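Which chain is which? The protein sequence lines are A and B, in order. Plus 47 on top of the position in the first sequence (first one is 1) and you've got our numbering. Plus 18 on top of the position in the second sequence (first one is 1) and you've got our numbering.
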Amino acid sequence: MDKKLKQALAEAYRAPAPERKAAFLKQHRRRELCRWELVAIQIRYIRWWVWAVSLALFGGILWMASPARGMGGWYAAALTPFLALLAVMENGRARACQMEELELACRMARHSVVLARMVVLGLFHLILLAGLTPPLAAWGAVGIARTGVYLLTPYLLTAALGMELTRRVRGRECLPACGGAAVLVSMLGVCLINFRPELYQPEHLPLWGSALALATLAAGAEIILSWKERELQWN
Amino acid sequence: MAIDLEDQYDKIYRYCYYRLRDRERAEDVTQETFLRWFASDTYRDRNQLLQYLYTVAGHLCTDEFRRPISLPLPEDVPDRETDPLLSIALRAELDKLAPGDRELLLLRCVNGEPMAVLSRLYGQSRFALRRRLNGILKTLRDALQ
Chain A
48 MDKKLKQALA
58 EAYRAPAPER
68 KAAFLKQHRR
78 RELCRWELVA
88 IQIRYIRWWV
98 WAVSLALFGG
108 ILWMASPARG
118 MGGWYAAALT
128 PFLALLAVME
138 NGRARACQME
148 ELELACRMAR
158 HSVVLARMVV
168 LGLFHLILLA
178 GLTPPLAAWG
188 AVGIARTGVY
198 LLTPYLLTAA
208 LGMELTRRVR
218 GRECLPACGG
228 AAVLVSMLGV
238 CLINFRPELY
248 QPEHLPLWGS
258 ALALATLAAG
268 AEIILSWKER
278 ELQWN
Chain B
19 MAIDLEDQYD
29 KIYRYCYYRL
39 RDRERAEDVT
49 QETFLRWFAS
59 DTYRDRNQLL
69 QYLYTVAGHL
79 CTDEFRRPIS
89 LPLPEDVPDR
99 ETDPLLSIAL
109 RAELDKLAPG
119 DRELLLLRCV
129 NGEPMAVLSR
139 LYGQSRFALR
149 RRLNGILKTL
159 RDALQ
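Next comes the structure, spelled out in structure tokens:
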């Protein structure tokens, strides 16, 4: 629409200034939740066993990578997809239980709640992975950056795959599909260690860096797509 | 998520004013609309809320002013900035439009509401609504030329 017509329309529809607006808004000012307040509120609604399983996986990775077991950080990294699965399951649960329609009518949009929960769990898992990186780097005699890349890549790849599946697979099949994706990424890691161990040499670090960048982009794109999908549901 | 209450108040008030053509009554209906939202405490998502506010305001305006007569746009607001000839011609053309079309122009071109909100409000697809809007604008442009 050309600017002149738009301006003329704005003028044509101009209403006299409301006289009681300031008094009304002052009297009835209500406090809106900001995004981080919503995230903080959602912490208490995440089930206890999700935290427990996250911590158990953290312990499992530490145990597997410890010098006593001697399996190395590579095998331990194969457990990180299951951490990502826990975060993605928050997204898939409403669909698995066919509660979407009910949740769409609730006080907060379902996608806001699900994203808030995924942010909570994602941050918690990042803290756990950050805690895992120094000991794994020390035990495996590799740098912190390399260990971080090996841990984060399968995590983000599973998160991206899981979110894609929760958007595409409807109903009860959603959670098994996400579980399958986590197992697939985990097995891929194990297969790489066994059949292509040279990929874990320092000269292949750029390859891992690229994979991490792609997984990060894919996870980011999935979050945006999940958010936009809400518009389609309401259309 | 959060909306700018002041901005939204102005938009709902403008919508009510062009339905009722009376500043006092428009402000009453605007405040009643917001009071109903505050009491319901249900709609927090922005697009849902906009749809809710316009629906409630529309129903309240209908209750307030039931006669479906098409009055000309009020003249009591002095024009600024725009070419006076264009303004007069536009008002004349707007008066010829159906009330629903004038309302759509107000919501989309003046209040700047998203097509997603409007498509739910009018129960039409975005494509259909965009075509309708383009048709109205074309009619206006042709008439003004």
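Cβ coordinates follow ideal geometry from the N, Cα and C atoms, glycine included. Computed from a predicted model, the values in this text were never measured in an experiment.
In chain A, what lies closer than 7 Å to residue i by C-beta?
i: Y31 of chain B; result: A62, P65
i: R41 of chain B; result: P63
In chain B, which residues lie less than 7 Å from residue i when you measure between Cβ atoms?
i: G68 of chain A; result: Note on identity: in this sequence residue 68 of chain A is Lys, with Gly being the wrong assignment. Y27, listed in chain order.
Take residue i and list the residues in its own chain whose beta-carbon comes closer than 7 Å to its own, dropping the five residues that flank it on each side.
i: L68 of chain B; result: E131, V135
i: R67 of chain A; result: none
i: L104 of chain A; result: L126, F129, L130
i: L212 of chain A; result: C221, A224, C225, A228
i: V135 of chain A; result: A206, G209, M210, T213, C225
i: P181 of chain A; result: I191
i: T51 of chain B; result: I30, L71, V74, A75, L78
i: Q89 of chain A; result: V160, A163, R164, V167
i: G169 of chain A; result: A134
i: R41 of chain B; result: Y35
i: T263 of chain A; result: L203
i: F171 of chain A; result: S101
i: S143 of chain B; result: S137
i: L151 of chain B; result: L122, R126
i: E45 of chain B; result: Y31
So which residues of chain B does residue i contact, with C-beta pairs closer than 8 Å?
i: G72 of chain A; result: Note that residue 72 of chain A corresponds to Leu in the displayed sequence, not to Gly. Result: L23, E24, Y27.
i: H75 of chain A; result: F52, L53, F56
i: L222 of chain A; result: The contacting residues do not exist; L222 of chain A stays about 26 Å from chain B at best.
Which residues in chain A have a C-beta closer than 8 Å to the C-beta of residue i? List them in chain order.
i: Q49 of chain B; result: R67, F71
i: R54 of chain B; result: Under the 8 Å cutoff, chain A gives no residues; its nearest Cβ is about 12 Å from R54 of chain B.
i: Y36 of chain B; result: Y60, A62
Anything in chain A within Cβ reach of residue i, meaning under 9 Å, just list it in chain order.
i: E82 of chain B; result: In chain order: nothing, as chain A lies at least about 16 Å away.
Among the residues of its own chain, which have a CB less than 6 Å from the CB of residue i, if the five just before and after it don't count?
i: Q26 of chain B; result: none
i: A123 of chain A; result: I108, M111, A112
i: A266 of chain A; result: L203, A206, A207
i: L158 of chain B; result: E111
i: L176 of chain A; result: L198
i: R37 of chain B; result: C79
i: L239 of chain A; result: L246
i: E278 of chain A; result: Interpretation of E278 of chain A is limited by its pLDDT of 49, a score under 50 that renders its predicted location unreliable; no figure is taken from the coordinates.
i: V230 of chain A; result: none
i: N282 of chain A; result: For N282 of chain A, the predicted structure reports a pLDDT of 40, less than 50, and the residue's modelled location is therefore unreliable. A value from the coordinates is still provided. Correct list: empty, nothing qualifies.
i: R82 of chain A; result: none
Give me, in chain order, the residues of the same chain whose beta-carbon lies closer than 8 Å to that of residue i; leave out the 5 immediate sequence neighbours on both sides.
i: H2 of chain A; result: Nothing about residue 2 of chain A can be read from this structure; chain A reaches only from 48 to 282.
i: S273 of chain A; result: N138, H158, V161, L162, M210, T213, R214
i: N129 of chain B; result: K29, R32, Y33
i: L162 of chain B; result: L104, A107, L108, E111
i: T48 of chain B; result: Y27, I30, Y31, C34, A75
i: K275 of chain A; result: none
i: G256 of chain A; result: V196
Taking Cβ-Cβ distances shorter than 9 Å, what residues in chain B pair up with residue i?
i: L52 of chain A; result: L104, L108, C127, L155, L158, R159, L162
Below 7 Å between beta carbons is the criterion; list the residues of the segment 106-137 of chain B that meet it against any residue of chain A, in chain order. L108, R109, L112, L123, L124, C127, V128, A134, S137
What are the start and end residues of each continuous alpha helix (DSSP H) run of 4 or more residues lying completely inside the segment 103-141 of chain B, in chain order? 117-123, 133-140
Residues of the segment 190-215 of chain A whose Cβ lies closer than 9 Å to any Cβ of chain B, in chain order: none
Please specify which runs of the alpha helix (DSSP H), each continuous and at least 4 residues long, are wholly inside the segment 81-134 of chain A, giving them in chain order. 82-90, 95-112, 119-124
Any alpha helix (DSSP H) of 4 or more consecutive residues that is wholly inside the segment 205-249 of chain A: 221-242
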